[in-house]
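Structure record follows, encoded as structure tokens.
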Amino acid sequence: MLNFPSHDLDTSPEASKPLLEKSQKAFGRLPGLHKVLAESPQAYEGYQTLHKLFTETDFDAEELTVVWQAINVEHGCHYCVPAHTGIAKMMKVSDALTEALRNEAPLPTAKLEALRTFTVQMVRERGNVSEAQMQAFFDAGYGHRAVLDVILGLAQKTMSNYINHVAETPVDAVFKPLEWQRSDTPLKV
Numbered sequence: 048m049l050n051f052p053s054h055d056l057d058t059s060p061e062a063s064k065p066l067l068e069k070s071q072k073a074f075g076r077l078p079g080l081h082k083v084l085a086e087s088p089q090a091y092e093g094y095q096t097l098h099k100l101f102t103e104t105d106f107d108a109e110e111l112t113v114v115w116q117a118i119n120v121e122h123g124c125h126y127c128v129p130a131h132t133g134i135a136k137m138m139k140v141s142d143a144l145t146e147a148l149r150n151e152a153p154l155p156t157a158k159l160e161a162l163r164t165f166t167v168q169m170v171r172e173r174g175n176v177s178e179a180q181m182q183a184f185f186d187a188g189y190g191h192r193a194v195l196d197v198i199l200g201l202a203q204k205t206m207s208n209y210i211n212h213v214a215e216t217p218v219d220a221v222f223k224p225l226e227w228q229r230s231d232t233p234l235k236v
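According to the working numbering, the sequence shown is numbered sequentially starting from 48.
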């Protein structure tokens with residue numbers, strides 16, 4: 048690829064410096080994705096805003112993780128799957144759920160499986176889910192707000208997944224032990 052810049056506080060555009068400072072303070076380090084995002088202050092701010100808004104939805108920690116990882120895995124994001132594995136640990140999401148998501152194995156509850164299935168269908172169908180797919184999601188206990196919130200999560204993760212693809216963002220050292228490769232048999236939905 049064409050060596051995307053990876054900024055720090057000394058090399059970033061002036062408008063990205065406050066965003067990098069905020070990331071440094073929040074994480075105690077600069078995540079690789081944020082270093083790449085710093086090239087475009089608007090993309091960086093947009094990503095952070097989408098992330099903040101998605102974490103403020105009605106989804107609990109497990110559901111947030113299901114949406115994030117379902118998208119990360121479906122997009123084959125080498126950076127985000129390990130990062131969200133670590134984030135899930137910090138959010139006290141069970142290792143069993145995280146491993147099932149990483150390996151496209153069955154989830155522990157029918158409701159979480161319905162959330163993953165619907166999220167993957169949204170990705171694969173580019174939002175053109177069928178009435179039957181929507182009804183199955185509703186039958187699992189989700190409503191119209193959850194549909195919109197899945198789309199919000201999809202907007203956030205599409206940004207980070209695509210950026211990591213084009214920039215070939217190296218996995219952060221802290222997440223190296225959690226590296227991931229997609230299995231040869233993608234999830235059937």
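A virtual CB, placed ideally from N, CA and C, is assigned to each residue, including glycine.
For A6, which of Y91, A161, L154, H122 has the nearest alpha-carbon? Nothing can be reported for residue 6, as the shown portion of the chain is limited to 48 through 236.
Classify R76 as helix, strand or coil using the three-state DSSP reduction. coil
When the Cα of L225 is compared with those of G133, L84, H54, which residue comes out closest? G133
Evaluate S230 with the Cβ neighbour count: other Cβ atoms within 10 Å of its Cβ, from every protein chain shown; 16 or more gives buried, anything less gives exposed. exposed
Among M169, P129, L67, T232, which one has its Cα closest to the Cα of Y94? L67
For S70 and P78, believed in contact at Cβ under 8 Å, the rounded distance: 6 Å
Taking buried to mean at least 16 other C-beta atoms within 10 Å of its own C-beta, is P129 buried or exposed? buried
Can you give, in chain order, each stretch of the alpha helix (DSSP H) that sits fully within the segment 84-118 and has at least 4 residues? 88-102
Which listed residue (N211, A62, D196, T232) has its alpha carbon closest to that of T112: D196
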